[in-house]
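This note's numbering applies: residue 276 is where the first sequence begins, and numbers increase by one.
Even glycine gets a Cβ: it sits at the ideal position worked out from N, Cα and C.
Model, not experiment: these values are computed from the prediction.
To keep things clear, I will list the structure first and then write my remarks on it.
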Amino acid sequence: MGARRRLPESFYLRDAATVARDLIGRWLRRDSVILEITEVEAYLPDDSACHGRFGRTARNAAMWGPGGRAYVYLCYGLHDMLNVVTGPEGEAAAVLIRSARPVAGLEEVQVRRGGKSGPVLLTGPGKVGAALALDPSWSHHALFERGGLELLSGEPAERWLHGPRVGIDYAAPVDRDALLRFAAVDTPWVSHRKTLRSG
DNA sequence: ACAAGGATCCTCT
DNA sequence: GAGGATCCTTGTT
């Protein structure tokens, strides 16, 4: 297994769906905690499910910036959700990290997740945010720079599952049905498995 | 200034 | 399978 290095800024300067697929199997590292990404969703410009659909606001400003930065927002008043911003400055696009598998720092993750174990520990975007102890102040943090939260290379997945995104019933039908959710094959570390198909 | 609702999670049945 | 937690963001008045 080769050494994992931080992915370069150019990795993120592509469309969100492409980056989303390419994130499966990569690693997120914060200090001693390392998580392997197993499930993601892409949110695009001109997407009625995307937070950018009302234009640039204080909350979503990071989404409008250049790719490679974090966008963390508070959901339902209590869950911190981690997104990876993609594409060029001036368009709102990002990839939501929905699930992950623990690689290192399992004990720390369990402390942050109330002592849970097994897939329930990290299958869901709010759980990933909790496991990495993130909050909205992490928005704009550069994932390709050393320190804090980093995104590391590795072997990208050759195959994946895809399906509709979760929790966006308010969106237009064409966006609700779009296959913009991607997940690793053959792993229990994925949420809402029933609506996933091989891609 | 206000009301509505949300890219979820946990517990209980 | 259903409902409550919990509070910020957004669009509207």
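Can you name, in chain order, every residue of its own chain whose Cβ lies under 7 angstroms from the Cβ of residue i, other than the five neighbours on each side?
| i | result |
| --- | --- |
| CYS325 | TYR318, LEU319, ALA367 |
| LEU454 | HIS437, GLY438, PRO439 |
| TRP435 | ARG296, ILE299, PHE457, ALA458, ALA459, VAL460, GLY474 |
Could you say which of the options lies nearest to residue i if we only look at CA atoms?
| i | options | result |
| --- | --- | --- |
| GLY401 | HIS354, GLU364, GLY389, ALA375 | HIS354 |
| HIS416 | ALA337, TYR445, THR313 | ALA337 |
| ASP297 | PHE329, GLY342, GLU433 | GLU433 |
| ALA291 | ASP444, GLU316, ARG280 | GLU316 |
| GLY429 | VAL294, GLU311, ARG328 | GLU311 |
| VAL403 | VAL308, LEU418, TRP435 | VAL308 |
| ARG279 | ASP452, LEU427, ARG451, PRO431 | LEU427 |
| MET356 | GLY390, GLY365, GLU382, PRO411 | PRO411 |
For residue i, does the count of other Cβ atoms within 10 angstroms reach 16, so buried, or fall short, so exposed?
| i | result |
| --- | --- |
| ARG331 | exposed |
| ARG334 | exposed |
| GLU420 | exposed |
| TYR489 | The structure shown has nothing for residue 489, since the chain only spans 276 to 474. |
| ARG472 | exposed |
| THR398 | buried |
| ALA447 | exposed |
| TYR346 | buried |
| GLY442 | exposed |
| ARG468 | exposed |
| THR470 | exposed |
Taking the alpha-carbon positions, what's the residue i to residue j distance?
| i | j | result |
| --- | --- | --- |
| GLU284 | LEU407 | 21 angstroms |
| TRP464 | ALA375 | 6 angstroms |
| TYR348 | GLY340 | 15 angstroms |
| VAL386 | GLU425 | 21 angstroms |
| VAL395 | VAL449 | 31 angstroms |
| LEU371 | ARG456 | 9 angstroms |
| SER323 | ARG304 | 31 angstroms |
| TYR445 | GLY277 | 43 angstroms |
| SER392 | GLY380 | 13 angstroms |
| ASP461 | VAL294 | 21 angstroms |
| PRO377 | ARG344 | 22 angstroms |
| GLU383 | TYR351 | 25 angstroms |
What are the boundary residues of the alpha helix (DSSP H) that includes residue i?
| i | result |
| --- | --- |
| PRO448 | 448 to 452 |
| LEU303 | Premise fails: LEU303 lies in the beta strand (DSSP E), 302 to 305, not in any alpha helix (DSSP H). |
| ALA291 | 291 to 298 |
| ALA417 | First-last for ALA417: undefined, no H or E at that position. |
Can you give me the start and stop residues for the beta strand (DSSP E) that residue i sits inside?
| i | result |
| --- | --- |
| ALA458 | 456 to 458 |
| ASP355 | 354 to 360 |
| LEU396 | Segment: none, LEU396 is in no beta strand (DSSP E) and carries neither H nor E. |
| ALA375 | 369 to 379 |
For residue i, which residues in the same chain have their Cβ closer than 6 angstroms to its Cβ, ignoring the five residues on either side in sequence?
| i | result |
| --- | --- |
| GLY342 | TYR287, LEU288, VAL360, THR361, GLY362 |
| THR313 | SER374, ALA375, ARG376, ALA459, THR462, TRP464, VAL465 |
| TRP413 | ALA345, VAL347 |
Please list, in chain order, all residues of the same chain as residue i whose beta carbon is under 8 angstroms from its beta carbon, the five residues on each side excluded.
| i | result |
| --- | --- |
| ARG388 | LEU396, LEU397, LYS402, ALA405, ALA406 |
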